[in-house]
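Some notes on the structure that comes next.
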Amino acid sequence: SFSRLQQWPFTIVVGFAKDEYLADWFAEVRNTVVQLTGLAILTSALSWLLWRAVRRQHHAAQRSEALLRGASDGIHILDHDGKVLEASDAFCRMLGRSRAEVIGMNVREWDAWFDQEQLRLGVARMAHETALSTFQTRLRSADGQTLDVEVCAYGVMFDGQRAVFASARDVTERRQAEQQIRRLNAELEQRVHQRTAELELANAGLMLARDAAEAANRAKSAFPMNGILGMAELLRRDEHTPQQARRLDHIAAAGSHLLQIINDILDLSKIEADKLTLDLAPMDPRTMLERVRAQIADRAQAKGLSLRLELGDLPSQVQGDFTRLQQALLNQVANAIKFTERGEVIVRASVVDESAAGVLLKMEVQDTGIGIESIALPRLFGSFEQADSSTTRQYGGTGLGLAITRQLARLMGGEVGADSTPGVGSRFWFTARLQRLRGEWVGTEPDTSASLAIDETLQRQHAGRRVLLAEDEPIGREVVVCLLEAVGLQVVCATDGQEAVRLAAGQHFDVVLMDMQMPLMDGPEATRLIRQANLDKQGQRVPIVALTANVFTQDRARCEAAGMADFLAKPVDPDALFAVLLKWLSATNLQPITAAGIPPRRKRFSAADAAAPAPPGRWRALQAAPGVAALLLARQSRSTGPGLSGLGPREGERR
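Last residue of the sequence shown: 1201 (our numbering), numbering continuous.
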């Protein structure tokens, strides 16, 4: 700075250095700039952070909006009183309303499941809980429809207040599917229950049929048909008037017929109880057919009927049940002869189907008899059925033969059928599937020629041999004694199992006939005791043969388990009895008997031998025995198996 002096010609100049003079100002300016720069930086940073936060919030809002708009579940937010604060498009669609209408609605306006107070308290509780709650309810839409929904909800903070975040999922289709599944399960359970009841009923029916079959077996043994016929024959041998003779003849004939009925009922009971099994063995169908003709020829001849066979190209080597096939055919042929008064009966046999495994054989019986109305044909194959009551009165019979034939045919893989014209005749047929044999077969059919003289052979070779008979039924015991003594055997009788054990322990016997059911001690128990103590001096076990009316497989197994060597069905058939005695008496002469060492049932022979006719006087030795002739009469009235069977009647065989 400068100043001019007024009194003096001088100017006074005063100066400072710029840096020194401006140092404070520069310092102040610098501080201000620094402060402003820091403030600007801070402001920028804060602005950037704020911008980021706003952007994040905006993105979050966008995401939330997208979730709300795009979510398939009905998302909605309620305040603590149940009023809608936010809602997704899906939830709006569930309610059938616009978003503007839904916002502000109360949950009590659409819930159709809970009552008002439950809803109020439930929403208030969930708003203050963070735990997830899941429940099912129903929504009522604007159009009145009801939806089943599953809701998940929990408490959140929304716009500074406690709220409920909820997600509702439409489960209507699932509930309907569940209901459908429940209905189906209920129906299935009902069907299972119904089927179970049907199976129980069927099982009960099978049990009843089995019990009936076993009862029929017991009745067959308990009802003394052989005794009745035997005693009738004893009376016939005494002095009597012609009228008494006729009455005794009627008794014998009626008894034989009753025995046939019992046999038929027994067969049918076994089939219905599923207790009858086929005994498959090599056979020649032609031999069976010839055997049927031989057995039925006398009946046809007595009525003046022509009986002929028409055989197709039949195989000679097949495997089947000879006896059951013969029984089925005999039933049809016997019916044809019974209902035919004049003309002829034709038996045809042919192969209707064949393969490498087997053949389907068709047996056909045609007659010129009375014929049957077509309306009556279907019921003829039922049990105890005939065409009408007049037929029963005129021709007799029980109506079981064709029913048995149908069951046997089905058991053999075939079927039955018939056609008929009243006044012209009838044609009955059945089919049976037989297996082919592999390799060469030398007849294994029963050796009929050998069995025809079996009684004479037994008497010639074994007269005087000792037999122990354990039988508690007096009449049956007497009949068997007559049969055995007629062929020269010595018989000692026991009336119960204990007595049989005592006699077997104290005396020597060549064979024992043991009834299965006796008082004090039954046959199996007596057999076990005899087996434990009774060996003869040569080390041979005495053969014990079971006598029983129970001819099922389990009964055979029970006999074998007790140590019995063989099995005979009751009522005892003379053929079977003598065959078994001859086999075991011959065996004890040749070799020791062990549990496993049982001689073979059948011997090899040619097919020509099987068809050999019976020699006259076959039962000459037996006819002299009291009561035996009546047994033979009863035997001839029944359908029997082909000759010697080796082990007596097979399971279910008609005797």
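C-beta: ideal position from N, C-alpha, C; glycine also.
Neighbourhood of residue i by C-beta, 7 Å cutoff - its chain only, sequence neighbours within 5 removed
i, result
"Leu1131", "His1008, Arg1011, Asp1056 and Val1057"
"Gly686", "Note that residue 686 is Arg in the sequence shown here, rather than Gly. Excluding positions up to five away in sequence, the list reads Trp656, Ala658 and Thr692."
"Thr718", "Leu693 and Asp694"
"Val1118", "Val1026 and Leu1093"
"Ala723", "none"
"Gly1037", "Inspection of the sequence shows that residue 1037 is occupied by Val rather than by Gly. Same-chain partners within the cutoff: Val1013, Leu1015, Val1027, Leu1030 and Glu1031."
Any non-hydrogen atom of the ligand FAD within 6 Å of residue i CB
i, result
"Gln664", "Here there are no bound small molecules, and the ligand FAD is not part of this structure."
Rounded Cβ spacing between residue i and residue j (contact assumed at less than 8 Å)
i, j, result
"Ala978", "Leu876", "So it is not a contact: roughly 14 Å between Cβ atoms."
"Leu678", "Tyr700", "5 Å"
"Ile1000", "Ala1125", "6 Å"
"Arg1048", "Pro1070", "Not really, about 17 Å apart at Cβ, beyond 8 Å."
"Ala712", "His622", "5 Å"
"Thr1003", "Leu1128", "6 Å"
Best match in the options for proximity to residue i [C-alpha to C-alpha]
i, options, result
"Gly706", "Ala903, Leu631 and Gln1005", "Leu631"
"Gln1078", "Leu1066, Arg1104, His1054 and Gly1109", "Gly1109"
"Met703", "Arg721, Glu675, Gln726 and Arg686", "Glu675"
"Thr1041", "Gly1022, Val1033, Ala1122 and Gly1052", "Gly1022"
"Met1060", "Cys1028, Ala1032 and Glu1019", "Glu1019"
"Phe885", "Gly642, Leu1128, Arg721 and Pro968", "Pro968"
"Gln865", "Ala903, Arg715, Glu836 and Trp571", "Ala903"
"Ala1050", "Ala1016, Lys849, Phe572 and Val1025", "Ala1016"
"Ser644", "Leu734, Thr578 and Ala688", "Ala688"
"Ile916", "Arg837, Leu957 and Ser966", "Ser966"
"Pro924", "Leu948, Met909 and Val905", "Leu948"
"Gly850", "Thr914, Arg602 and Phe660", "Thr914"
"Val962", "Arg601, Ile950 and Met834", "Ile950"
"Val891", "Val898, Asn881, Arg602 and His622", "Asn881"
"Ser972", "Val1013, Ile883 and Arg598", "Ile883"
"Leu1014", "Glu1002, Ala1046, Gln581 and Leu983", "Ala1046"
"Arg956", "Leu824, Ala633 and Glu1024", "Leu824"
"Val905", "Gly959, Arg952, Val575 and Leu624", "Gly959"
"Cys698", "Trp597, Leu624, Thr578 and Val970", "Leu624"
Residues near residue i in its chain [Cβ-Cβ closer than 8 Å; skip 5 each side]
i, result
"Leu551", "Thr557 and Ile558"
"Pro555", "none"
"Ala933", "Any reading at Ala933 needs caution, since the residue's pLDDT is 44, under 50, leaving its predicted position unreliable; the model's value is listed next. Cβ within range, chain order: Ile918, Glu919, Ala922 and Leu926."
"Leu826", "Gln865, Gly866, Asp867 and Gln981"
"Arg654", "Gly628, Gln662, Leu665 and Arg666"
"Ala1157", "Its pLDDT being 36, under 50, Ala1157 is placed unreliably by the model, and the measurement read from it follows with that caveat. Counting only Cβ-Cβ distances below 8 Å, and skipping sequence neighbours, we find Thr833, Glu836, Arg837, Ala840 and Thr994."
"Ser935", "The predicted position of Ser935 is uncertain, since its pLDDT is 43 and thus under 50; no value can be drawn from it."
Paired residues, beta bridge with residue i - DSSP
i, result
"Ala1115", "Thr1094"
"Gly620", "Ala714"
"Met1067", "Looking at the DSSP assignment, Met1067 forms no beta bridge with any residue, so it has no partner."
"Asp899", "Leu906"
"Glu632", "Ile623"
"Arg973", "Gln912 and Asp965"
"Val1013", "Val1037 and Val1057"
"Cys698", "Thr680 and Ser713"
"Arg982", "Val864"
"Leu685", "Asp657 and Leu693"
"Glu887", "Paired residues: none, contrary to the question."
"Glu735", "Glu735 pairs with nothing; no bridge assigned."
"Ile558", "Ser549"
"Ile892", "Arg854 and Gln912"
"Phe704", "Gln707"
"Met829", "Val864"
"Asn749", "Looking at the DSSP assignment, Asn749 forms no beta bridge with any residue, so it has no partner."
Contact set for residue i: own chain, Cβ-Cβ below 6 Å, skip 5 residues either direction
i, result
"Phe974", "Gln878, Val911 and Ala964"
"Gln682", "Glu696"
"Pro1159", "The predicted position of Pro1159 is uncertain, since its pLDDT is 36 and thus under 50; no value can be drawn from it."
"Met909", "Leu875, Ala895 and Phe976"
C-beta atoms of residue i and residue j nearer than 7 Å
i, j, result
"Pro1120", "Leu1029", "yes"
"Pro505", "Ala1107", "Residue coverage of the chain in this structure runs from 547 to 1201, which leaves residue 505 outside it and unanswerable."
"Ala714", "Val738", "no"
"Gly1043", "Met1062", "no"
"Val669", "Val710", "yes"
"Gln1005", "Gly1034", "yes"
"Leu857", "Ala846", "no"
"Leu860", "Arg832", "yes"
"Leu954", "Ala848", "no"
"Arg708", "His626", "yes"
"Ala636", "Gly650", "no"
"Leu855", "Val898", "no"
"Pro788", "Leu983", "no"
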